[in-house]
Amino acid sequence: MTIYVNRVLNMKQIKAIGFDMDHTLVRYQKKTFEELTYSEMKNKLVSKLNYPKRILELEFDHELTIRGLVIDKQNGNLIKISLHSRIKQAFHGTRQIDYKEMMALYRGEFIDLNDKRFEAIDTTFSVPYAVLFSQIVQLKTDYPQEGYPDYNTLEADLIDALDMSHRDGSLKGEVAKNVSKYIVKDEQTVRALERFKASGKKLWVITNSDYNYTKLLLDYAINPFLKDGKHWRDFFDLVITLAAKPRFFTEKLPFLQVDPETGLMNNSEGPFDKGLFQGGCAKLLQRDCGFSGEQILYLGDHIYGDILSLKKSCNWRTALVIEELEQEVEAFNKGASVLKKIESLMSEKMTCEKKLDELYAQEYENGLKIDKKSVDQEFEKIKQIDGQLSEQIKAYQAFFNPNWGEVMRSGQEASRFAGQVEKYACIYMSKVSNFIDYSPRTYFRPHKKVLPHEF
Ligand SMILES: [Mg+2]
Numbered sequence: 050m051t052i053y054v055n056r057v058l059n060m061k062q063i064k065a066i067g068f069d070m071d072h073t074l075v076r077y078q079k080k081t082f083e084e085l086t087y088s089e090m091k092n093k094l095v096s097k098l099n100y101p102k103r104i105l106e107l108e109f110d111h112e113l114t115i116r117g118l119v120i121d122k123q124n125g126n127l128i129k130i131s132l133h134s135r136i137k138q139a140f141h142g143t144r145q146i147d148y149k150e151m152m153a154l155y156r157g158e159f160i161d162l163n164d165k166r167f168e169a170i171d172t173t174f175s176v177p178y179a180v181l182f183s184q185i186v187q188l189k190t191d192y193p194q195e196g197y198p199d200y201n202t203l204e205a206d207l208i209d210a211l212d213m214s215h216r217d218g219s220l221k222g223e224v225a226k227n228v229s230k231y232i233v234k235d236e237q238t239v240r241a242l243e244r245f246k247a248s249g250k251k252l253w254v255i256t257n258s259d260y261n262y263t264k265l266l267l268d269y270a271i272n273p274f275l276k277d278g279k280h281w282r283d284f285f286d287l288v289i290t291l292a293a294k295p296r297f298f299t300e301k302l303p304f305l306q307v308d309p310e311t312g313l314m315n316n317s318e319g320p321f322d323k324g325l326f327q328g329g330c331a332k333l334l335q336r337d338c339g340f341s342g343e344q345i346l347y348l349g350d351h352i353y354g355d356i357l358s359l360k361k362s363c364n365w366r367t368a369l370v371i372e373e374l375e376q377e378v379e380a381f382n383k384g385a386s387v388l389k390k391i392e393s394l395m396s397e398k399m400t401c402e403k404k405l406d407e408l409y410a411q412e413y414e415n416g417l418k419i420d421k422k423s424v425d426q427e428f429e430k431i432k433q434i435d436g437q438l439s440e441q442i443k444a445y446q447a448f449f450n451p452n453w454g455e456v457m458r459s460g461q462e463a464s465r466f467a468g469q470v471e472k473y474a475c476i477y478m479s480k481v482s483n484f485i486d487y488s489p490r491t492y493f494r495p496h497k498k499v500l501p502h503e504f
């Protein structure tokens, strides 16, 4: 599997590789875990926030959303925007808003994500959260008498329900009870990491999860594949739990040493570049390891928590794990012939439009009587092409998410999500084990980007 490159990255210069744990170093069974999150959130909405019991009857439909969408809290819509903040698609509840209605509502405005009215949904939990948002907006439309709150409150309550499920341990508790149901065992990850280790690179885990949960997951996903009965504590040079990212990258927070047998904590004077810790910060870690930011590569799955702040404050190199990518690339390959058809229809349409322009020019520029029959013929052709185009676009989208299409693209442009990836991640991949096909000394170079005037 491929690693994609936004910016030059010479692995020979990388001295240490840090990994986020959840959904990066350790993968989850995506849909199963999303369904669990969804159902925990539903329970919290009803039992703690007094939402109508009807919510409990809702079923998880993961196709209602994709990662990277934006919630418009004023109108209760879910929208997809392009890299340039133009709105491309919108749903109200589970109903797609047609193009005309969408244009009337948003009047081609640029979506400013600094505006509190909008909420970008980019995390691993964005799917269950956005699915529930859509479904409850639909219930509010269908059953106005049942007293669902306004969209702003609904959005805040969903965040609250998600936080409660984290805080009271109901999500992690359920994973702990059924590790094999929720966690993926991937030997290739360990094999890929071994290659880095053999080439002298330090391996770090920097996770926001607590020690007990970290131990549970690493015992399950890493230990079975280590050679000679080794333990993950020996394999990783440094493991930092409860790291409080993104503050880990931006603030000066103290480290606590963790006793691996009891899980109990002690104050520690360091050095902090080896061993098992809780908390801490990038500043002290860098002081003790002696590596410059450019010599450290960090891999995470969360643009805001893992990547954005470290890029801005520490100058570490960055890699993003985007689970959806594997499916996205597969769909892209499957849809290639349909895409060709779309391109050829577009070119036919452009020929008709050019012909029309020429016909009109006869009237405006040369004062001749317009050839109405030819004009009508061209309009008729365009109408037919448009019909075929919309069918083909639908067929192409169906290879991806049937409601929203691609995660990384928004029509002809990159999606906002893809724009974030390009801006903040030096390289990106669907999973850590993709490194297995690359030497630890690889010089990652991006493809030359073709600019409009270079076509
Ligand atoms: Mg993570």
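Offset between the sequence shown (1-based) and our numbering: plus 49. Even glycine gets a Cβ: it sits at the ideal position worked out from N, Cα and C. This structure is a prediction, so every number in the text was calculated from the model and none was measured.
Thinking residue 430 and residue 401 are a contact (beta carbons under 8 Å), I'd like their distance in whole angstroms, please.
-> Correct: roughly 5 Å between the Cβ atoms.
Nearest-angstrom Cα separation, counted from residue 171 out to residue 130 | Our two residues, residue 130 and residue 171, have alpha carbons roughly 13 Å apart in a direct line.
Any non-hydrogen atom of ligand 1 within 7 Å of residue 215 CB | Not one heavy atom of ligand 1 sits closer than 7 Å to the Cβ of residue 215.
Could you have a look at residue 133 and say whether DSSP puts it in helix, strand or coil?
-> It is coil, neither helix nor strand.
Since residue 176 is in the beta strand (DSSP E), which residue starts that stretch and which ends it?
-> In the DSSP annotation of this structure, residue 176 is not part of any beta strand (DSSP E); the continuous alpha helix (DSSP H) holding it starts and ends at 175-191.
Any heavy atom of ligand 1 closer than 7 Å to the Cβ of residue 349?
-> A distance criterion of 7 Å places the beta-carbon of residue 349 in contact range of ligand 1, judged by its closest non-hydrogen atom.
Buried or exposed for residue 159, please, with buried defined as at least 16 other CB atoms from any protein chain shown within 10 angstroms of its CB.
-> In this structure residue 159 is exposed. Its beta-carbon is surrounded by fewer than 16 other beta-carbon atoms within 10 angstroms.
Under 7 Å from any heavy atom of ligand 1, does the C-beta of residue 141 make it?
-> Not under cutoff, so the answer is no.
Please report how far the alpha carbon of residue 199 lies from the alpha carbon of residue 393, in whole angstroms.
-> CA-CA distance, residue 199 to residue 393, rounds to 46 Å.
Outcome for residue 492 when other beta-carbon atoms lying within 10 angstroms are tallied against a minimum of 16 | It counts as exposed.
Inter-residue CB distance, residue 505 and residue 53 (contact presumed, cutoff 8 Å) = Residue numbering for the chain in the displayed model covers 50 to 504; residue 505 lies beyond these limits and cannot be assessed.
Residues that residue 167 bridges to, as DSSP identifies them = Within the DSSP bridge table, the entry for residue 167 names 121 as partners.
How about the stretch 186-205 and the stretch 99-113: do they share at least three Cβ pairs that are nearer than 8 Å?
-> Contact between the stretch 186-205 and the stretch 99-113 is present, because at least three Cβ pairs lie under 8 Å.
For residue 248, count neighbouring C-beta atoms within 10 Å of its own C-beta (all shown protein chains included) and say buried if the count is 16 or more, exposed if not.
-> That one is exposed.
Roughly how many whole angstroms lie between the Cα atoms of residue 485 and residue 245?
-> Rounded to whole angstroms, residue 485 to residue 245 spans 10 Å at the Cα level.
The beta strand (DSSP E) enclosing residue 361, as first and last residue numbers | No beta strand (DSSP E) holds residue 361; the alpha helix (DSSP H) holding it covers 358-362.
Please report how far the alpha carbon of residue 313 lies from the alpha carbon of residue 306, in whole angstroms.
-> Cα to Cα, residue 313 sits roughly 8 Å from residue 306.
Can you tell me whether DSSP reads residue 355 as helix, strand or coil?
-> Residue 355 sits in a helix when the DSSP states are folded into three classes.
Could you work out which residue in 70, 213 and 137 is closest to residue 462 when comparing CA atoms only?
-> Checked all of 70, 213 and 137; the closest Cα to residue 462 is 137.
Identify whether residue 148 lies in helix, strand or coil by the three-state DSSP scheme.
-> Helix at residue 148.
Beta-ladder partner(s) of residue 232, from DSSP = Under DSSP, residue 232 shares a beta bridge with 77.
What residue does the beta strand (DSSP E) around residue 368 start on, and which one ends it?
-> Element bounds for residue 368: 366-370.
Would you mind stating whether residue 328 and residue 291 have Cβ atoms separated by less than 8 Å?
-> Going by C-beta atoms, residue 328 is nearer than 8 Å to residue 291.
With burial defined as no fewer than 16 other Cβ atoms inside 10 Å of the residue's Cβ, what is the status of residue 439: buried or exposed?
-> With a 10 Å radius around the Cβ and a threshold of 16 neighbouring Cβ atoms, residue 439 comes out exposed.
Taking the alpha-carbon positions, what's the residue 499 to residue 58 distance?
-> Take the alpha-carbon of residue 499 and the one of residue 58: they are about 20 Å apart.
Which residues bound the alpha helix (DSSP H) around residue 202?
-> Where residue 202 is concerned, the enclosing alpha helix (DSSP H) starts and stops at 200-216.
Taking residue 154 as the reference, give the member of 389, 121, 234 and 83 with the closest Cα.
-> Nearest of 389, 121, 234 and 83 to residue 154, Cα basis: 121.
Is residue 224 helix, strand or coil by DSSP?
-> Residue state, collapsed to three classes: helix.
Does the distance from the C-beta atom of residue 239 to that of residue 274 stay below 8 Å?
-> The beta carbons of residue 239 and residue 274 sit closer together than 8 Å.
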